[in-house]
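> Protein chains in written order, with the numbering used here: chain A, 19 to 440; chain B, 19 to 440.
Every residue, glycine too, gets a C-beta built ideally from N, C-alpha and C.
Note that the structure is a prediction, hence the values are computed from the model and not measured.
Take a look at the following structure, please.
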């Protein structure tokens, strides 16, 4: 039942070495990589040789600062290829083009009018977005290593199927195949929760810790789990439906139809509900389907010490502290990250009140072990995380990486094997 | 951050091969093991060679039924050594002696009077229990491979320290070192939640599925996670405190001091509270500190269609369905097992009502993926799971297994290496 082959381990170690380069964008020696990853020098030497052969890393010079023989410096080869990341959200499609170092080259954003949404329409918007970013940067299509697409709701990743969408009446849409045909690119499909978590693992807090929970707070809410350095997906890729866990037994009706779900209290519609209960005639209640304006308005009023806005944030944090406390008690993580729009807008005030509430819902030991903080990534990190789907897909390519290691022959393998067993 | 070395993987694969023998106690061919584990034949050949060299497996004959050349049959060598498993519970210390095939050789049970409990007293009771089971079976101490000890509360496993006990006023007790001195045996310390989960992984539902949640229901309640075939412990070994997740925001006061915890509704004291609300003068309310009698009485009355008992079970299942639904939504497991006294006594009735309640709290996709069932293990599986701590400790012994593989030389390693990479 442990399904890790030697191939899988080598792939995880490849990720691990590369993550060091995204952690800080300077050149590194193999010695430094071995120290930072905990892998043996022989293993790092093997992995970097492979990454140089495939053009992912380049030697950029030598570091003589340590005394003794100067050591080679390695860096990401940003020009090795580009990556596309797409965030299909409720009201827009955002397409970004990145170089291999995840430097942003171009962005395209197109509105999505919910009432008229069909899978074909979304595919066409994504197609037009990709055409636009390639055109504006003069990037040939065969220079793109892959496209990662985040679509809301439940996704069967292996089959590339969007099985359920919370916003549009579609089910079991073979989105990956439709997109692969339109884009003529390798396509990797998953949802915003996985994208946010992967973004945090590659480019955020996950660069420092093994056991990480990412709480995504926007209209819908969820929790992503990076456990032991890998994304935990559950048996059918639906792990993390924290938004639909029960927090207030017999409480508010959630849009899923069940009662008392976390999302009904800390998602944007839940926050609106709390506002309505506190201030039934509040002017912000007339702001519909505009999360940014609503959250921005609430934050601005709280900054001006408006008692209604402050009370809304306090009550939201009371629920959030209990709901986040459940994750701390269950997972005992090293870090818990609050991400996406709600965290962006309500920021430090929400964080401080949530921290206070957390202490009332968490046992002492897991509370001591965890750091609760706001994501350092921008809230449009979903498209960046989607690009990480494509990055991981590229790095798992057996034709590319398999053939290189075969060509390097048994000598290198035997060396890595014995070194690892010390 | 992925901390799996080649050594770790070989150890996990060793567990995986051996688990097949505990799954069904008949002799097996290497071909059968390869088919059941998904490992390559070459890897299985290597692992079984090592297990034969160390005396864990023995060749018992040949299987000619498949046509062609007869294949060697392998079986567990039950006499290779014995394992001690100890369950320190609130009111008793249970010590069991097992052979390596986990056949029970002897049991010893000693009462524990809560008011007078000190760490020294518990160590002495365990010491006396181990002496008794060794003496009654004529087992020399050097034939014992190790002792696994389950103590309630939080345990720092690496340091072997009982950091917090829910029943007795002790903190940071170096239990492992105290026990190792008294027992003169290798000691492995952890808590009942980990023991129940490990028992389920080695001897229960975990033999069939990768992603498993074990819900333990007695006075205290918890959830153990076998994710991808390995026990998930969290960053400081306190993962699984499901009993202290919030289910009823602002609800009943839990013994942890917080409000609305799962344990305050589905642990034995929580069930008593529900009974008190329904039937304030109920005769069962006078049964104190006797979980077995109370649960047995409730089950017997429900079997006789007593409306009070039936309503207590119905309300308990309503809370349990919501609380278990949270685990299904978060973890998306293949199986969720209800274990320990509450599940044993209230059995099929509780299961049926919980299943019905579960549907009101779970999204369709993770609900379809999961099987909810009662543990097939006896409720004293904690001491059996504790023996599995010792079994795993023995199988991880680098002196024993490391030296064997060193003696076998580079040839076998190189062979395993290339075969694994196909």
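What does DSSP give as the partner residues of residue 167 of chain B in its beta bridges?
Your numbering for residue 167 of chain B matches position 149 in the second chain. BP columns for residue 167 of chain B point to B:104, B:207.
> Identify the contact partners of residue 263 of chain B in chain A, using a Cβ-Cβ distance below 7 Å as the criterion.
Taking the second chain and counting its residues from 1, the one referred to as residue 263 of chain B is at position 245. Ordered by position in chain A, the residues that pass the 7 Å Cβ test against residue 263 of chain B are 344, 347, 348.
> Does DSSP put residue 131 of chain B in a helix, a strand or coil?
By 1-based counting over the second chain, the position of residue 131 of chain B is 113. Coil.
> Are the C-beta of residue 245 of chain B and some C-beta of chain E separated by less than 8 Å?
This model lacks chain E altogether, as its protein chains are A and B.
> Just the chain A side, please: which residues come within less than 7 Å of residue 378 of chain B by C-beta, in chain order?
Residue mapping note: residue 378 of chain B aligns to position 360 of the second chain, counting from 1. Correct list: 276.
> Helix, strand or coil: how does DSSP classify residue 200 of chain B here?
Along the second chain, one-based indexing puts residue 200 of chain B at 182. It is helical.
> Does DSSP put residue 140 of chain B in a helix, in a strand, or in coil?
Here residue 140 of chain B refers to the residue found at position 122 of the second chain. DSSP places residue 140 of chain B in helix when its eight states are reduced to three.
> Kindly indicate which residue of A:342, A:297, A:338 has the alpha-carbon position closest to the one of residue 325 of chain A.
On the first chain, residue 325 of chain A is found 307 positions in, with the first residue counted as 1. When only C-alpha atoms are compared, the closest one is A:297.
> Shorter than 8 Å from the beta carbon of residue 186 of chain A to some beta carbon of chain B?
Stepping through the first chain from its first residue, residue 186 of chain A is reached at position 168. No, because no Cβ of chain B sits closer than 8 Å to the Cβ of residue 186 of chain A.
> How about residue 92 of chain A and residue 119 of chain A: are their beta carbons less than 8 Å apart?
Position 74 of the first chain holds residue 92 of chain A. Position 101 of the first chain holds residue 119 of chain A. No, the Cβ-Cβ distance between residue 92 of chain A and residue 119 of chain A is not below 8 Å.
> Is any beta-carbon of chain A found at less than 8 Å from that of residue 169 of chain B?
Mapped onto the second chain, residue 169 of chain B falls at position 151. No, because no Cβ of chain A sits closer than 8 Å to the Cβ of residue 169 of chain B.
> Would residue 221 of chain B be called buried (16 or more neighbouring beta carbons within 10 Å of its own) or exposed?
Position 203 of the second chain, counted from the first residue, corresponds to residue 221 of chain B. Counting Cβ neighbours within 10 Å, residue 221 of chain B comes out buried, since at least 16 surround it.
> List the residues of chain A that residue 259 of chain B touches, going by C-beta distances under 9 Å, in chain order.
Taking the second chain and counting its residues from 1, the one referred to as residue 259 of chain B is at position 241. Simply 346, 347, 348, 350, 380, 381, 383, 384.
> Considering just the uninterrupted stretch of the beta strand (DSSP E) at residue 250 of chain A, what are its terminal residues?
Locating residue 250 of chain A in the first chain gives position 232, counting from the first residue. Taken as a continuous stretch (DSSP letters only), the beta strand (DSSP E) holding residue 250 of chain A covers 248 to 250.
> Using a beta-carbon distance below 8 Å, is residue 254 of chain B in contact with chain A?
Position 236 of the second chain, counted from the start, is the residue given in the question as residue 254 of chain B. Residue-level contact by beta carbon holds for residue 254 of chain B and chain A, with a gap shorter than 8 Å.
> Between which two residues does the alpha helix (DSSP H) holding residue 71 of chain A run?
Here residue 71 of chain A corresponds to residue number 53 of the first chain, with the count starting at 1. For residue 71 of chain A, the enclosing alpha helix (DSSP H) has its first and last residue at 59 to 71.
> Among A:49, A:53, A:46, A:62, which one has its Cα closest to the Cα of residue 30 of chain A?
Here residue 30 of chain A refers to the residue found at position 12 when the first chain is read from its first residue. Of A:49, A:53, A:46, A:62, the smallest CA-CA separation from residue 30 of chain A is found for A:62.
> Could you name the residues of the same chain whose beta carbon sits closer than 6 Å to that of residue 112 of chain A, not counting the 5 residues immediately before and after it, in chain order?
In the first chain, residue 112 of chain A corresponds to position 94, counting from 1. If we look at residue 112 of chain A and ignore the five residues flanking it on each side, its Cβ neighbours are 105, 127, 401.
> Find the residues of chain B that neighbour residue 229 of chain A, judging by a C-beta separation of less than 7 Å, and give them in chain order.
Residue 229 of chain A sits at position 211 when you count from the first residue of the first chain. What residue 229 of chain A touches in chain B: 252, 253.
> Just checking, does the segment 186 to 201 of chain A make contact with the segment 126 to 146 of chain A on the three C-beta pairs under 8 Å criterion?
Segments in contact, yes.
> Going by beta carbon distance, what residues of the same chain come within less than 7 Å of residue 380 of chain B, once the five residues before and after it are set aside?
Mapped onto the second chain, residue 380 of chain B falls at position 362. Here the set comprises 343, 346, 347.
> With 16 as the cutoff for other CB atoms within 10 Å, does residue 217 of chain A come out buried or exposed?
For the purposes of this step, residue 217 of chain A is taken as the residue at position 199 of the first chain. Looking at its Cβ environment, which holds 16 or more other Cβ atoms inside 10 Å, residue 217 of chain A is buried.
> Would you mind sorting residue 349 of chain B into buried or exposed? The rule is 16 or more other CB atoms within 10 Å of its CB.
The residue labelled residue 349 of chain B in the question sits at position 331 within the second chain. Label assigned to residue 349 of chain B: buried.
> Cβ of residue 182 of chain B within 8 Å of Cβ of residue 197 of chain B?
Here the question's residue 182 of chain B lines up with position 164 in the second chain. Here the question's residue 197 of chain B lines up with position 179 in the second chain. No, the pair does not count as a contact, with Cβ atoms beyond the cut-off.
> Helix, strand or coil, according to DSSP, for residue 364 of chain A in the structure here?
Position 346 of the first chain, counted from the first residue, corresponds to residue 364 of chain A. Helix at residue 364 of chain A.
> Taking Cβ to Cβ, would you say residue 303 of chain B is nearer than 8 Å to residue 290 of chain B?
Numbered from its first residue, the second chain carries residue 303 of chain B at position 285. Numbered from its first residue, the second chain carries residue 290 of chain B at position 272. Yes; because the gap between Cβ atoms is below 8 Å, this pair is in contact.
> Please check if any C-beta of chain A sits within less than 8 Å of the C-beta of residue 60 of chain B.
In the second chain, residue 60 of chain B corresponds to position 42, counting from 1. Answer no: the Cβ-Cβ gap between residue 60 of chain B and chain A never drops below 8 Å.
> List in chain order: all unbroken alpha helix (DSSP H) runs of 4+ residues lying wholly within the segment 373 to 428 of chain A.
382 to 387, 399 to 413
> Taking the alpha helix (DSSP H) that residue 120 of chain A falls in, what are its first and last residues?
Translated into the one-based positions of the first chain, residue 120 of chain A becomes position 102. First-last for residue 120 of chain A: undefined, no H or E at that position.
> Among A:194, A:195, A:191, A:243, whose alpha-carbon lies nearest the alpha-carbon of residue 211 of chain A?
To locate residue 211 of chain A, count along the first chain from 1; it is residue 193. Closest option to residue 211 of chain A, Cα to Cα, is A:243.
> Considering residue 182 of chain B, what are the terminal residues of the beta strand (DSSP E) in which it resides?
Taking the first residue of the second chain as 1, we reach residue 182 of chain B at position 164. 179 to 182 is the extent of the beta strand (DSSP E) around residue 182 of chain B.
> Would residue 226 of chain B be called buried (16 or more neighbouring beta carbons within 10 Å of its own) or exposed?
Counted from its first residue, the second chain places residue 226 of chain B at position 208. With fewer than 16 other Cβ atoms within 10 Å, it is exposed.
> Less than 8 Å between the beta carbons of residue 354 of chain A and residue 231 of chain A, yes or no?
Residue mapping note: residue 354 of chain A aligns to position 336 of the first chain, counting from 1. Residue mapping note: residue 231 of chain A aligns to position 213 of the first chain, counting from 1. Yes; because the gap between Cβ atoms is below 8 Å, this pair is in contact.
> Report the rounded CA-to-CA distance for residue 437 of chain B versus residue 340 of chain B, giving the unit in angstroms.
What you label residue 437 of chain B is simply residue 419 of the second chain in a count that begins at 1. What you label residue 340 of chain B is simply residue 322 of the second chain in a count that begins at 1. With a pLDDT of 34 at residue 437 of chain B, under the threshold of 50, the modelled position of that residue is not reliable, and the figure given next carries that caveat. So the alpha carbons of these two residues sit roughly 47 Å apart.
> Applying the 10 Å Cβ sphere with the 16-neighbour rule, what's the burial state of residue 178 of chain A?
Locating residue 178 of chain A in the first chain gives position 160, where the first residue counts as 1. Result: buried.
> Taking a cut of 8 Å between CB atoms, which residues from the segment 100 to 114 of chain A lie near chain B?
none
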